[in-house]
Amino acid sequence: MPGSAARSKVVTRVARPVDLPVVLELVRQHRVESHIEEVLTGHPPVHAAGAGFRRLLDDPGHRVVLAVLPTDDGEIGVGLSVLGLDPLSLVLGTPQVTVDTFVVHREHRRSGVGAALLAAALAYAAENGASYVVAAVTQEADRQRFFARMGFAPLTTRRIASVHTLGRSLAAWQRRRLGIIPLSRRVTGVGRRRVPPLPSATAGR
Numbered sequence: 001m002p003g004s005a006a007r008s009k010v011v012t013r014v015a016r017p018v019d020l021p022v023v024l025e026l027v028r029q030h031r032v033e034s035h036i037e038e039v040l041t042g043h044p045p046v047h048a049a050g051a052g053f054r055r056l057l058d059d060p061g062h063r064v065v066l067a068v069l070p071t072d073d074g075e076i077g078v079g080l081s082v083l084g085l086d087p088l089s090l091v092l093g094t095p096q097v098t099v100d101t102f103v104v105h106r107e108h109r110r111s112g113v114g115a116a117l118l119a120a121a122l123a124y125a126a127e128n129g130a131s132y133v134v135a136a137v138t139q140e141a142d143r144q145r146f147f148a149r150m151g152f153a154p155l156t157t158r159r160i161a162s163v164h165t166l167g168r169s170l171a172a173w174q175r176r177r178l179g180i181i182p183l184s185r186r187v188t189g190v191g192r193r194r195v196p197p198l199p200s201a202t203a204g205r
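Position 139, counted from 1, in the sequence shown is what the UniProt record's numbering calls 139; the numbers after and before it change by one each time, with no gaps.
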């Protein structure tokens, strides 16, 4: 098993700017396996991704955690999670840690990587006085079973829409609400059979 030898070697640390290539690789794997490639299309230029990554690293409300496996030449990235604090939970005085991205490299599964990432989330929760950890879990059966074994209960279903799609849907909803019928759906007189008027009551007298 690939996981037995590596299980005790997996460690986690806060990601650094130089980790961008491995982070992007793990994110792309996550998108493919979650079947959202056709929704989240395109890849940003490296410089744009780098700038966004640095902003995320500098954001005090988030922590990017990288799981790494030490090697003779250094280390290799084998997992990723993006931790945060739910804003509303802070307002209510009951902080909750969010796990918005959770990826284990496909070649290093069942090696303790997922458990190491959740341990990092648990430590982050302790640092922030949080009582709960809320994870966004995609629909893969293995991932669902893993989080269930770790004590996570179902909470909500997240959906996604492009800005374009949402804008069109809201515009259509508003038209229906106001009773506005698009021109393309209005019935015109072109091509309709003309119905003769009814004879008046005095006709034929």
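Think of the CB as a built atom: it goes at the ideal place given N, C-alpha and C, for glycine as much as any other residue.
Model, not experiment: these values are computed from the prediction.
Contact check for Leu66 against Leu56 fails: the beta carbons are separated by 8 Å or more. One alpha carbon belongs to Gly151, the other to Ala125, and they sit about 16 Å apart. For Phe102, no alpha helix (DSSP H) encloses it; the enclosing beta strand (DSSP E) starts and ends at 96 to 104. Nearest C-alpha to Ser89 among Val134, Val68, Ala153: Val134. When only Cα atoms are considered, Thr12 and Leu117 end up about 7 Å apart. DSSP places Ser89 within a helical segment (H, G or I) once states are collapsed to three.
The alpha-carbon separation between Ser131 and Leu178 amounts to approximately 46 Å. The continuous alpha helix (DSSP H) containing Pro21 extends over residues 20 to 33. Secondary structure at Val134: strand, using DSSP grouped into helix, strand and coil.
For His62, the uninterrupted beta strand (DSSP E) run begins and ends at 62 to 71, by DSSP.
With respect to Leu69, Ile76 sits close: the two C-beta atoms are nearer than 8 Å. Listed as beta-bridge partners of Gly112 by DSSP are no residues whatsoever. Taking 8 Å as the upper bound for CB-CB distance, Ala15 and Val23 are in contact here, some 6 Å apart.
Contact check for Val78 and Val113: beta-carbon distance about 5 Å, within the 8 Å limit, so the pair qualifies. Less than 8 Å separates the beta-carbon of Leu83 from that of His62. Nearest to Pro60 by C-alpha distance, out of Ser162, Ala161, Ala136, Asn128, is Asn128. Counted as a single uninterrupted DSSP element, the beta strand (DSSP E) harbouring Thr12 occupies residues 11 to 14. With 16 or more neighbouring CB atoms inside 10 Å of its own CB, Ser111 falls in the buried class. Assigned with DSSP and collapsed to three states, Leu80 falls in strand. Under the 10 Å beta carbon count, Ala121 is surrounded by 16 or more other beta carbons and is classified as buried. By the neighbour-count definition (other C-beta atoms within 10 Å, threshold 16), Asp100 is an exposed residue.
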